[in-house]
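Undergrad: The listed protein sequences derive, respectively, from chains A and B.
Going letter by letter, the first sequence gives residues 1 to 478 in our numbering.
Going letter by letter, the second sequence gives residues 479 to 956 in our numbering.
The beta-carbon is built from N, C-alpha and C at its ideal position, and this holds for glycine as well.
Here the structure is a predicted model, which is why all the values come from computation and not from measurement.
There are 2 protein chains.
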Amino acid sequence: MKNKESYHMDLETFRQNGHAAVDWVVDYLKNIESYPVLSQVKPGDIRKQLPVCAPGQGESFEAMLKDVQEIVLPGITHWQSPGFFAFFPGNSSAPAILGEILSAGLSVQGMLWATSPACTEVETHVMDWLVKMLGLPEKFMSHTEGGGVIQHSASDATLCALLAARERVSNGEVNKKGGNGKLIAYTSAQAHSSIEKGCMIAGIGTENLRLIDVDENFRMRPEALDAQIQKDKADGLIPFFVCTCVGTTSSLALDPVAEMVRVTKKYGLWLHVDAAMAGTAAICPEFRFINEGVEDADSYTFNPHKWMFTNFDCNAFYVADRSALINALSILPEYLKNEATNAGAVFDYRDWHIPLGRRFRALKLWFVIRHYGVEGLQYHIRQHVDMAQQFKQWVIDSDAFELVVDNPLNLICFRHKDGDEVSESIMAEVNQSGEAYMTHTKLNGLYTIRMSIGQTRTEMRHVEKAWQLLKEASDRFG
Amino acid sequence: MKNKESYHMDLETFRQNGHAAVDWVVDYLKNIESYPVLSQVKPGDIRKQLPVCAPGQGESFEAMLKDVQEIVLPGITHWQSPGFFAFFPGNSSAPAILGEILSAGLSVQGMLWATSPACTEVETHVMDWLVKMLGLPEKFMSHTEGGGVIQHSASDATLCALLAARERVSNGEVNKKGGNGKLIAYTSAQAHSSIEKGCMIAGIGTENLRLIDVDENFRMRPEALDAQIQKDKADGLIPFFVCTCVGTTSSLALDPVAEMVRVTKKYGLWLHVDAAMAGTAAICPEFRFINEGVEDADSYTFNPHKWMFTNFDCNAFYVADRSALINALSILPEYLKNEATNAGAVFDYRDWHIPLGRRFRALKLWFVIRHYGVEGLQYHIRQHVDMAQQFKQWVIDSDAFELVVDNPLNLICFRHKDGDEVSESIMAEVNQSGEAYMTHTKLNGLYTIRMSIGQTRTEMRHVEKAWQLLKEASDRFG
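1) What residue range is occupied by the uninterrupted alpha helix (DSSP H) comprising B:M786?
2) Mapping DSSP to helix, strand and coil, what is A:I412?
3) Going by DSSP in three states, B:S801 sits in which element: helix, strand or coil?
4) Report the residues of the segment 180-191 of chain A with a CB closer than 8 Å to any CB of chain B, ordered along the chain.
5) Quickly, what does DSSP pair A:M451 with across the bridge? List them, please.
6) Taking DSSP as the reference, what is the three-state secondary structure of B:Y513?
7) Closer than 8 Å by beta-carbon distance: list the chain A residues that pair up with B:W591, in chain order.
8) If we ignore side chains and look at the alpha-carbon of each, how far apart do A:N3 and B:M938 end up?
9) How far does the alpha helix (DSSP H) with B:W844 in it extend, from its first residue to its last?
10) List the endpoints of the continuous beta strand (DSSP E) containing A:W270.
11) From the DSSP output, in three-state form, read off A:H462 for me.
12) Measure the CB-CB distance between A:I150 and B:H630 and report whether it falls below 9 Å.
13) Does the beta carbon of A:S116 come closer than 9 Å to any beta carbon on chain B?
14) Is there a C-beta anywhere in chain A that falls below 9 Å from the one on B:G568?
15) Can the beta-carbon of B:F696 be found closer than 9 Å to that of B:L921?
16) For A:I184, which of A:I212, A:A104 and A:A343 has the nearest alpha-carbon?
17) State yes or no: is the C-beta of B:P763 within less than 9 Å of the C-beta of B:G522?
18) Could you please tell me which residues of the segment 160-181 of chain A, in chain order, have their CB closer than 7 Å to any CB of chain B?
19) What separation, rounded to the nearest whole angstrom, lies between the Cα atoms of B:E950 and A:Q109?
20) Return the CA-CA distance between B:V600 and B:R839, expressed in angstroms with no decimal places.
21) Give a yes or no on whether 9 Å exceeds the smallest Cβ distance from A:M133 to chain B.
22) A:G147 by DSSP, collapsed to three states: which one?
23) My understanding is that A:T456 touches A:S92, with C-beta atoms under 8 Å, so please give their C-beta distance in whole angstroms.
24) How about A:C284: is its C-beta nearer than 9 Å to some C-beta of chain B?
25) Since B:E540 is in the alpha helix (DSSP H), which residue starts that stretch and which ends it?
26) Check the Cβ-Cβ distances between A:Y372 and every residue of chain B, and say whether any is below 9 Å.
27) Decide if the segment 514-529 of chain B is in contact with the segment 547-562 of chain B; the criterion is three or more beta carbon pairs, one per stretch, under 8 Å apart.
28) Would you say B:P782 and B:V863 are within 9 Å of each other, going by their C-beta atoms?
29) Please tell me whether A:Q80 has its Cβ less than 9 Å away from any Cβ of chain B.
30) For B:I575, count neighbouring Cβ atoms within 10 angstroms of its own Cβ and tell me buried if that reaches 16, exposed if not.
31) Show which residues of chain D have a CB atom less than 7 Å away from the CB atom of B:Q587.
32) My assumption, with CB atoms under 8 Å, is that A:G174 sits in contact with A:R166. Please give the rounded CB distance.
33) Suppose you measure from the CA of A:L271 to the CA of A:M220; what does that come to, to the nearest Å?
34) Interface residues of chain B around A:I354 at Cβ under 7 Å?
35) With B:Y506 as the anchor, note down where its alpha helix (DSSP H) starts and where it stops.
36) Inspect the beta-carbon positions of B:Q527 and A:G373 and report whether they are closer than 9 Å.
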């Protein structure tokens, strides 16, 4: 038998198309301010332009690129627009995209050290770099009993922390016999929905997740946590896990980790720190106060794919005791056995997370850190915080708007003084303009607009424009 | 405040570097046969070449590319080498890489329809295409009560199926109250380790996973399944979930799905079909027999990132009743509420899997299908199967080797007639040559070499070379 023909793209055509794809990306980023930040299409608008069936014969890359331009682009909400102030940023950068190109080209699957040693070792190495860059405790480094791993998302990381804690407290019994409905987890009433989702997935149950009361700055109250744990213990339940937030989703509230530690240590609970968004700030020494107490945490996570210029997906997850994590997740079937694994000389990252397979995601993270250097990352983080703090001052000085809660970093929560309906109309109007995109939350039951500043290309003029749009809308609705 | 400087890569430099990255990938693929398939480095070899600390100042992309070439490349096990016959393929292709480039450039996060409608709609559309392409039941299409979603891996997909089944049988009670230790899951004794891992994660417990006996072809025995379910029911336990394998990992054994269905229907159990590797074969009508019975399954998964030329990660997961899946995984906090979601007019894929965030992975899948067309995909799948069947015949005709089990697709399981030790030495020798890479399993307790043929660039000459290497090693060790 001989290959008489092939449907693969020949390499020189691939080279040309690859250049065209890069050019498309560069032009997209060059023109990004010309697109409405929030996509204006209606449900079904994209699908109705696509053929009902897959093509029988192959098509040209030109045809695909044309469809991306004409069909896909109107259906994009531009996370990389400097006018993106919604949710939290999912920022990217040129070095991260270059890392993605090489990673896609190599297309290795690093489930085991042996299936591409560089995929594992570069990851371990860069995760160690980050520990020092963020001033995190040494116990999260790979030469200790801890270590770091790239996960898909903070949801995955938190789930893994929950599983490690579950197996530590049950001595491996839940993995064997299943849940018993008695394990109790704790988090702030302001915590991210992923904690609740994790408790569902892990068979803990949402009724066994205690949402602890917060103070006037939306920070979890340590004394409320302590009291709830005592109550649960008195009821014969088994407290085992606390997730504390360094930067909540609604308002970027910073739980007092050091005070949480005092409680979790008293009862021997696993303390997980979710710094998904705010964690990156610790690259700057002046913001490192957010990590006070983290030296006593059992696990920690933040997302370079949010505010550290690294394309999604790239979550950084650390544990102080990697054996607890591996015990919770490891299975070694015959077909995965190999010399390096048998010798115990290597990390096999498949045992550190939910999936078996994994991409070479460390490459983009390595490139981002090397391109910017620590000083470049610090510079841009400071710029974002400075812009947010300037915006905050405008809100404070404004007659129309008011601050809902103070925050020292890059998320400003505010509302119109005339209340929920006006605030909602103003935000809808700004988003409809296409020049900026913000999202809302509710704080103390009140409709609150979130101005989240962390997009790679956001400059002061974009923040000024957003403020101008808000004021204009206020003049109409307020 | 003004941006006095910026550490971002300017767009024209990015364009040049992007072209250089594409050129690097093209050259890598051009020269891929010159690298040893299995990396020859020792643990720590890569890390010791990297600086202990992150750089304070930024570095050039040239420096990074040089390090990729000199430090990373020796630590790569080349999944894209035509001599890669290990595990299962994780094949990629030019259109998939082009899709990754555009996806990285757009860098949208499609957690909600609203956060990039095209990310959701192209995905739904292409997942519908695949249903028809593979001859899967219409109930998996989005216009019915079912639907498809791209997951990170088959491990994630199986876990989600398990969770949907768990909540269906418990009427949402496990999500609320946690596991009860009474739910029983079933799979083949030859099933992938991800089923066991899923049972650990979901709080089912490995002792509550029954590994059902297989026949001489390593196919799950329906009567053994039936008997075990009856026994468990008699013991007051709650059978709820069966994972059946269309292509096991060790030997690509094809469970008789239609017979499994008869059992699961009798007891009202959720039937999940794991066709991670073999599923792609159904693109060819002559191999569609593997899906007999799938029309009655509750969920189904296969990996375009294994054998369908689509870069990892890209798992395809289907459910017949999407509300069961969404009920198991949905949480809607205030900060994610939006008009389209509230109206119920759209899919928000965050509710279909573990993570909240998601990349625009449909782009590469769309490009692969459009580049090859159905006929191109069929052609290459048939080539792979033909080569494997030719290899099988050589084994059958050989004096030195013997077939362990017959398989009609692209995985050939064989061993040396002189037993385990000789088989193991032969495989080690072949892998050490750098020209081919195979992995092993144990079948009936015997060391078995797996010849897995599905790499994008594998041609007959590569299979012939592997066979020659095996014979030479056999002459030395046998």
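TA: Let's see:
1) Run containing B:M786: none; DSSP gives neither H nor E here.
2) Assignment of A:I412 by DSSP, reduced to helix, strand and coil, places it in the strand class.
3) In the structure shown, B:S801 sits in a helix (DSSP, three-state: H, G or I).
4) The segment 180-191 of chain A vs chain B, Cβ under 8 Å: N180, G181, K182 and L183.
5) Answer is A:I412, bridged to A:M451.
6) DSSP places B:Y513 in coil when its eight states are reduced to three.
7) Chain order gives the chain A residues near B:W591 as P43, where near means a beta carbon separation below 8 Å.
8) Low confidence applies to A:N3: its pLDDT is 46, below 50, so where it sits in the model is not reliable, and the reading given next is rough at best. Roughly 8 Å separates the two Cα atoms.
9) Start and end: A840 to D875.
10) Element bounds for A:W270: W270 to D274.
11) For A:H462, the three-state secondary structure derived from DSSP is helix.
12) Contact: no.
13) Yes, contact with chain B.
14) The beta carbon of B:G568 sits closer than 9 Å to some beta carbon of chain A.
15) Taking 9 Å as the Cβ cut-off, B:F696 and B:L921 qualify as a contacting pair.
16) Checking every option, the nearest Cα to that of A:I184 belongs to A:I212.
17) No, the Cβ-Cβ distance between B:P763 and B:G522 is not below 9 Å.
18) Here the close residues are L163, V174, N175, K176, K177, G178, G179, N180 and G181.
19) A:Q109 has its alpha-carbon roughly 30 Å from the corresponding atom of B:E950.
20) Taking the straight line joining both Cα atoms gives about 10 Å.
21) Interface residue, yes.
22) Correct three-state label for A:G147: strand.
23) Their Cβ separation, rounded to whole angstroms, is 6 Å, which keeps A:T456 and A:S92 in contact under 8 Å.
24) No Cβ of chain B is located within less than 9 Å of the beta carbon of A:C284.
25) Per DSSP, B:E540 belongs to the alpha helix (DSSP H) from F539 to D545.
26) Chain B has a Cβ within less than 9 Å of the Cβ of A:Y372.
27) Touching, yes.
28) If you check the CB distance, B:P782 and B:V863 do not come in under 9 Å.
29) With 9 Å as the cut-off, A:Q80 counts as an interface residue toward chain B.
30) With a 10 Å radius around the Cβ and a threshold of 16 neighbouring Cβ atoms, B:I575 comes out buried.
31) The structure shown contains no chain D; its protein chains are A and B.
32) Note that residue 174 of chain A is Val in the sequence shown here, rather than Gly. Indeed they touch by this definition, with Cβ atoms about 5 Å apart.
33) Rounded to whole angstroms, A:L271 to A:M220 spans 14 Å at the Cα level.
34) Within chain B, the residues near A:I354 are S633, D634, L637, I679 and I832.
35) Run containing B:Y506: L489 to K508, per the alpha helix (DSSP H) assignment.
36) Against a cut-off of 9 Å, the Cβ pair of A:G373 and B:Q527 comes out as no contact.
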